[in-house]
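Asks:
There are 2 protein chains.
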Amino acid sequence: MSAVARKTRRAVGAENASLKSEFVAFKTNRIVEVASRLFYQSGYSSCTLDNVAEQLGVTKPFLYSYFKNKEAILAAICEVGISEALAVLEATLAGDHKNHRDLLAEVVRQVGRIVIDRQEYVVVYQREMKHLSADDHERILRLRHSFDHQIAELIREGIEAGEFREDTDSFVAVWIGGLISWIPTWYSPGGQRSADDVIDQLVTAALRLAGAEKPTN
Amino acid sequence: MSAVARKTRRAVGAENASLKSEFVAFKTNRIVEVASRLFYQSGYSSCTLDNVAEQLGVTKPFLYSYFKNKEAILAAICEVGISEALAVLEATLAGDHKNHRDLLAEVVRQVGRIVIDRQEYVVVYQREMKHLSADDHERILRLRHSFDHQIAELIREGIEAGEFREDTDSFVAVWIGGLISWIPTWYSPGGQRSADDVIDQLVTAALRLAGAEKPTN
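Protein chains in written order, with this note's numbering: chain E, 336 to 552; chain U, 336 to 552.
1) Does the CB of U:S529 have a neighbour CB from chain E at under 7 angstroms?
2) Return the residue from the list U:Q485, U:F358 and U:I534 that minimises the CA-CA distance to U:A429.
3) Nearest-angstrom Cα distance between E:D431 and U:I490?
4) Given a cut-off of 7 angstroms on the beta-carbon distance, is the pair E:R543 and U:R543 in contact?
5) For the ligand SAH, is there any heavy atom lying closer than 6 angstroms to the beta carbon of E:S371?
6) Check whether the region 374-384 of chain E touches the region 470-480 of chain U, counting contact only when three or more Cβ pairs, one atom from each stretch, lie closer than 8 angstroms.
7) Would DSSP call E:G416 helix, strand or coil?
8) Going straight from the alpha carbon of E:L424 to that of E:R436, what length do you get?
9) Anything in chain U within Cβ reach of E:R453, meaning under 8 angstroms, just list it in chain order.
10) Keeping to the same chain, check which residues put their C-beta closer than 8 angstroms to that of U:A530; ignore five residues upstream and five downstream.
11) Under 8 angstroms: do the region 385-402 of chain E and the region 362-372 of chain E share three or more Cβ pairs, one atom per stretch?
12) Suppose you measure from the CA of E:A407 to the CA of E:F397; what does that come to, to the nearest Å?
13) DSSP on E:T363, reduced to helix/strand/coil?
14) Excluding the 5 residues flanking U:N552 on each side, which residues of the same chain have their C-beta closer than 6 angstroms to its C-beta?
15) Of all the CB atoms in chain E, is at least one closer than 7 angstroms to the CB of U:A540?
16) Taking only beta-carbon atoms, is E:R436 less than 7 angstroms away from chain U?
17) To which residues of the same chain is U:R444 closer than 7 angstroms at the C-beta, ignoring the five residues directly before and after it?
18) If you measure between the beta carbons of E:G553 and U:W517, is that distance less than 7 angstroms?
19) According to DSSP, is U:A547 part of a helix, a strand, or is it coil?
20) Leaving out five residues before and five after E:I417 in sequence, what residues of the same chain have Cβ atoms less than 7 angstroms from its Cβ?
21) By how many angstroms is the C-alpha of U:S356 removed from the C-alpha of U:E596?
22) Terminal residues of the continuous alpha helix (DSSP H) containing E:H472?
23) Tell me the residue span of the alpha helix (DSSP H) that contains E:Q445.
24) Within the continuous alpha helix (DSSP H) that includes U:V558, where are the two ends?
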């Protein structure tokens, strides 16, 4: 085989592998999406894997090739909101911002958008977390703590930079997390307040809690 | 029968009636308490009325003489937190306070104490509200709206009185309700923060949200 043919075969191989992993991700996401909707509507305890398989038009063994059991699907659902929140938090922290106030506002705005977009996943997490295995529960709690910890750090830095009020306890990060987490419980798409209004108000509230409500520039 | 005998008999009758209604209240409360603990631990769907009866050492017909069905017990559990919150809100509003800031602080302090004391009831409500009948769901929502509405009114009056910042949207009442409602999800008795610390921080947070963090006197 010529060097070119070998290279081509390698490239095709790599492409197939990448396509395969895309298929896997696609199928995994579809399972999580459909299961989340069913758990949201009927409750985790009342849903069986048969219900999930039927809804997807697949067999139960197909599900088992992607998830060990029903609890593993629940864990995947519960992780969606906090994983995406951590990803935008870390991307935002790595970007350029003129001050801590803008940074906090931007993170809260983006995470608020995630919990609105992922409303059902977040509600399933809040309702059904007691059904998680101890390991999954612990792992998701660690992600939440990492989020709170990084927000607390941002607030401490904002205080040191003289942008946030000195008498702000950095534990306020947990209260800000509470405001964000509470949205899916009361917000209703198509209700009186639009998602944009809710997010604007969330940002205002978070800045007030952090003692940073006034622009510093 | 002499007038005295008749009077005594009436008094005894009234006493019996009052004792009887105390017994009823006591038994109703015990059923709600035990069912709340079971629903909290195992989930509403996984618990049967047989489990509740067994835990109380009574028969199922005994339960049916107090509650129509399992959903009626859930409704009673779900109503505890908001009913008690409304009662202290209304008692506090009817009392004497030197200003709106103190009034808001006092209401939030007392309601914070209720959700900590009633933690399991509040969590059962948040997790299991989807199992409420439409009527019960609606009735409890109305109680919640009444609470939010009265807090919003208090904030509007505080703004008019020049105590709270003018740029405060009275919708902030819903965010304050969110802070309070979120506590049972993350607060752990015997954890790092004492109930008193959590309540102090809650009051500070609520005053900041309302734009009323500085004493006005």
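Each residue gets a CB set at the ideal place from its N, CA and C atoms; glycine is no exception.
Replies: On the basis of the coordinates in this document:
1) As a first step, residue 529 of chain U must be located in the second sequence, where it is residue number 194. It does not; no Cβ of chain E falls within 7 angstroms.
2) The residue given as residue 429 of chain U occupies position 94 in the second sequence. Out of U:Q485, U:F358 and U:I534, U:Q485 has the C-alpha closest to the C-alpha of U:A429.
3) Taking the first sequence and counting its residues from 1, the one referred to as residue 431 of chain E is at position 96. Taking the second sequence and counting its residues from 1, the one referred to as residue 490 of chain U is at position 155. A direct Cα-to-Cα measurement between E:D431 and U:I490 gives close to 37 angstroms.
4) Numbered from 1 along the first sequence, position 208 holds the residue referred to as residue 543 of chain E. Numbered from 1 along the second sequence, position 208 holds the residue referred to as residue 543 of chain U. Yes, Cβ-Cβ distance for E:R543 and U:R543 is below 7 angstroms.
5) Of ligands this structure carries none, so the ligand SAH is not represented either.
6) no
7) Here residue 416 of chain E refers to the residue found at position 81 of the first sequence. Helix.
8) Indexing the first sequence from 1 puts residue 424 of chain E at position 89. Indexing the first sequence from 1 puts residue 436 of chain E at position 101. Each residue's CA atom was taken as its position, placing E:L424 and E:R436 some 14 angstroms apart.
9) Taking the first residue of the first sequence as 1, we reach residue 453 of chain E at position 118. In chain order: nothing, as chain U lies at least about 17 angstroms away.
10) Sequence index remark: in the second sequence, residue 530 of chain U carries index 195 (1-based). R448, I451, Y522 and P524.
11) For the pair of segments examined, the region 385-402 of chain E was found to touch the region 362-372 of chain E: the number of CB pairs separated by less than 8 angstroms reaches three.
12) On the first sequence, residue 407 of chain E is found 72 positions in, with the first residue counted as 1. On the first sequence, residue 397 of chain E is found 62 positions in, with the first residue counted as 1. The straight-line gap from Cα to Cα measures roughly 14 angstroms.
13) Taking the first residue of the first sequence as position 1, residue 363 of chain E is located at position 28. Helix at E:T363.
14) For this step, residue 552 of chain U is matched to residue 217 along the second sequence. Unreliable positioning characterises U:N552 in this predicted model, as indicated by a pLDDT of 40, which lies under 50. The coordinate reading is nonetheless provided below. Excluding residues within five positions, none has a Cβ falling inside 6 angstroms.
15) Taking the second sequence and counting its residues from 1, the one referred to as residue 540 of chain U is at position 205. So yes, U:A540 belongs to the interface.
16) As a first step, residue 436 of chain E must be located in the first sequence, where it is residue number 101. Not an interface residue.
17) One-based indexing of the second sequence puts residue 444 of chain U at position 109. I534 and V538, listed in sequence order.
18) No answer is possible for residue 553 of chain E: it lies beyond the span of chain E, which begins at 336 and ends at 552.
19) Taking the second sequence and counting its residues from 1, one reaches residue 547 of chain U at position 212. In the structure shown, the three-state DSSP call for U:A547 is coil.
20) Position 82 of the first sequence, counted from the start, is the residue given in the question as residue 417 of chain E. Excluding positions up to five away in sequence, the list reads I475, L478, R479 and F482.
21) Chain U is shown only over 336 to 552; residue 596 of chain U falls outside these bounds and no answer can be derived.
22) Here residue 472 of chain E is taken as the residue at index 137 of the first sequence, counted from 1. E:H472 -> alpha helix (DSSP H) spans A469 to E495.
23) As a first step, residue 445 of chain E is located in the first sequence; it is residue number 110 there, counting from the start. Taken as a continuous stretch (DSSP letters only), the alpha helix (DSSP H) holding E:Q445 covers H435 to D452.
24) Because chain U is modelled from 336 through 552, residue 558 of chain U falls outside the range shown and cannot be assessed.
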